[in-house]
Amino acid sequence: MRGVSGLPAASSVCSRITERLAKFSGAEKFRLYFEPNARLRMQGDALAVAVPSSFCADWMARQFESGLLEAARSELGRDVVEIRWSVEPDAFPEDVDAKDDANLPTASTAATRAEGIPALRAAPDADGEAPPSPSAPDSPSVHAVGAVRPDWKGRSSSVERTTSAFRYELNEFVVGECNRVAYHMAAAFASNEASQSARVLFLYGECGVGKTHLLQGVAHGYARHCGGDRVRYTTSEHFANEFLAALQSHSLPSFRRRYRGVELLCIDDVHFLAGKAATQKEFFYTFQELEMSGARLVLASDAHPRDISDFGASLKSRCLGGVLCRLDLPDPLTRQEILARLAKRRRLLLDEDALRFLAGVCSGSVRDLEGMLNSVEVVARHVEGAPVPRPVKVSAALVRRVLSQSGSPNALQPRRPVQLDAIKSAVCQELGVEPADVLGKSRHRLVVLARGLIAFLARQLTTCSFPEIARALGRRNHSTIVAAARRIEARLAWESSNRADAAVRGVCVTELIERLTWVLMRQTRAA
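Residue numbers (my numbering): 74 to 600.
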């Protein structure tokens, strides 16, 4: 292993770290993959790892970062060690084949991959250079505070990051029908072109659908367009930890200046605040202060504000007053595009049949897609004898063989359909009506609405015919159910053109259907 540190002491430390890594990861794997493709040096208290290309940075982080963290902790005697990955081709003049590397992703695309690809602690900036030193003025700096992320041993790695270290940018987000509205709103906030009345953007959806990608993309984009000094990105867990630390150290004024003196505040995982009354109160006043100053907020959560339990009414109301955008699981075309980009980044030459098959058998999140591709890559490289970074061909036959043997819960298994009884139960609970009233002859406004919603959702989410839906609702003639569903469709069409009026006239059917669909899909996937 050839270190690049200028200090003998630091060089010897790096040598001992690599010796420990070889033991953790296995001598053969270390010799084949890590030793020829990585150069270590100490940068203050951080361990810097230089690699020859952005593809290597991505692959090496996935394969070696956990072991490298453990080796560094053992050698340095610290529980918290920051790993900084950087692309430095000049450090590998004898190892890099420029022609072979020409088709690798740029440093920019490697730093902004789709959600679910493992993080690099400090990705290269958009020009392909290594991250600048703290004194470098070239890259806009955003106050980006990452949550202390537990690794495989349950300890934490780095917390502070600059814009050049963000994993995701908006220009690498794969846009489809499942996320189009959320993406365009995020782009408007990133370029500071959103309507003046749109001060808050609330993104919600299941894990692995792109919320963090959009959130970091907004922070990064705003920093580039408007300067990064007044932008802060963090997670609600880190916000809570900072708040408690400020309470204990009597430094609340400093904490409040950090969060309330910005033009854009991006908070991830807002649902984490559930049940934390004191932190919610502090966040509410921060929210209020920012709105009064004309600042913007972008929030992300696994659930709609109304579905977050133990979430204060005042804070819930603030969130509901913003622009709410749901991100759904990727549809087949979006899955194909995501898989194509992931495969290109890993230099997997998927044929069209293999790509369509992979997209068809996995109906889960982006992380599910990446998990399947991980299995395929490992087997394909072993079968073909093609180590990283050589390209390797992947056929549909190989994909079928890998997935049939992997035991993947998503692979080769159809999704469980939504049940009509579940729809009836969810609608009645949401509207606060009795199931017996829905099945009876009541003409109360909410009961009539409940029947229409059940009919509409049953047609959207199940394979039931109108006569079957009518029987489930205690109706002998299905024409009344057809009429009820069409009333909902007409209401949706009206609300799409008159959203502001719909919001002030009480029940917003569009929002009801979005929330009910979200709840039903979560229940179905959990069952």
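Even glycine gets a Cβ: it sits at the ideal position worked out from N, Cα and C.
For the beta strand (DSSP E) that contains residue i, what are its first and last residues?
i      : result
Tyr277 : 273–278
Ser159 : 156–160
Leu308 : Note on residue identity: the sequence assigns Thr, not Leu, to residue 308. Here the beta strand (DSSP E) through Thr308 covers 304–308.
Lys466 : 465–467
Cys339 : 337–341
Leu431 : Unbroken run through Leu431 is the alpha helix (DSSP H), 425–434; no beta strand (DSSP E).
Gln289 : It is not in any beta strand (DSSP E) - Gln289 instead sits in the alpha helix (DSSP H) that spans 284–299.
Arg114 : 112–116
Would you report the Cα separation of residue i and residue j, rounded to the nearest angstrom?
i      : j      : result
Glu541 : Met594 : 21 Å
Tyr306 : Leu423 : 36 Å
Ala416 : Ser139 : 23 Å
Ser52  : Val467 : An answer regarding residue 52 cannot be provided, because it is not within the stretch 74 to 600 covered by the chain.
Arg391 : Glu364 : 10 Å
Glu587 : Ile561 : 13 Å
Leu442 : Leu412 : 7 Å
Leu193 : Ala164 : In this prediction, Leu193 has a pLDDT of 27, which is less than 50 and means its spatial position is unreliable; what the coordinates show is noted afterwards. Distance between the alpha carbons of Leu193 and Ala164 is about 19 Å.
Cys435 : Asp118 : 42 Å
Gly334 : Phe328 : 10 Å
Arg114 : Leu325 : 37 Å
Leu589 : Glu143 : 44 Å
Val521 : Asn550 : 16 Å
Arg414 : Ser498 : 40 Å
His517 : Leu320 : 51 Å
Arg379 : Val472 : 41 Å
His257 : Val273 : 14 Å
Ala259 : Val291 : 6 Å
Cys581 : Ile527 : 16 Å
Cys280 : Thr553 : 39 Å
Phe356 : Phe384 : 12 Å
Val371 : Lys514 : 45 Å
Val456 : Arg474 : 12 Å
Arg135 : Ala558 : 49 Å
Glu450 : Tyr106 : 15 Å
Ser98  : Thr359 : 45 Å
Ser374 : Asp342 : 5 Å
Met445 : Gly367 : 44 Å
Ser147 : Val122 : 17 Å
Cys339 : Ala470 : 44 Å
Arg89  : Leu149 : 10 Å
Val248 : Arg440 : 16 Å
Ala350 : Glu108 : 50 Å
Lys354 : Ala318 : 16 Å
May I ask which residues mark the beginning and end of the alpha helix (DSSP H) holding residue i?
i      : result
Val124 : First-last for Val124: 119–124, but that is the beta strand (DSSP E), not the alpha helix (DSSP H).
Lys514 : That residue, Lys514, is in no alpha helix (DSSP H); it is neither H nor E in DSSP.
Leu530 : 518–534
Arg330 : 325–333
Gln502 : 493–504
Leu446 : 439–457
Val254 : 253–263
Ala347 : Counting along the chain, Ala347 falls outside any alpha helix (DSSP H), and DSSP gives it neither H nor E.
Phe539 : 539–545
What distance in whole Å lies between the Cβ atoms of residue j and residue i, which are believed to be in contact at a cut-off of 8 Å?
i      : j      : result
Glu242 : His293 : 5 Å
Ala432 : Gln409 : 4 Å
Phe262 : Arg369 : 6 Å
Leu493 : Ala531 : 6 Å
Leu346 : Ser309 : 5 Å
Arg157 : Gly278 : With 8 Å as the limit, Arg157 and Gly278 do not qualify as a contact, their Cβ atoms being about 31 Å apart.
Glu507 : Asp404 : At roughly 36 Å, the Cβ-Cβ gap does not stay under 8 Å, so Glu507 and Asp404 are not in contact.
Arg420 : Pro464 : 4 Å
Val491 : Thr535 : 6 Å
Leu28  : Leu476 : Beyond the ends of the chain as shown, which are 74 and 600, falls residue 28; an answer cannot be given.
Leu120 : Val154 : 6 Å
Glu503 : Leu393 : In fact, because the Cβ distance is near 15 Å, the residues do not count as touching under 8 Å.
Val396 : Ala271 : 5 Å
Leu402 : Val282 : 6 Å
Val304 : Leu337 : 5 Å
Just list the residues that DSSP pairs residue i with in beta bridges.
i      : result
Cys87  : Note: Cys87 sits in no beta bridge, so no partner.
Leu421 : Val465
Using a C-beta cutoff of 8 Å, does residue i count as contacting chain D?
i      : result
Leu421 : Given the protein chain composition of this structure (a single chain), no chain D is represented.
At which residue ranges does the stretch 364–414 contain complete beta strand (DSSP E) runs of 3 or more residues, listed in the order of the chain? Restricted to the stretch 364–414, the beta strand (DSSP E) segments that are unbroken, complete and at least 3 residues in length are 369–374, 396–400, listed in chain order.
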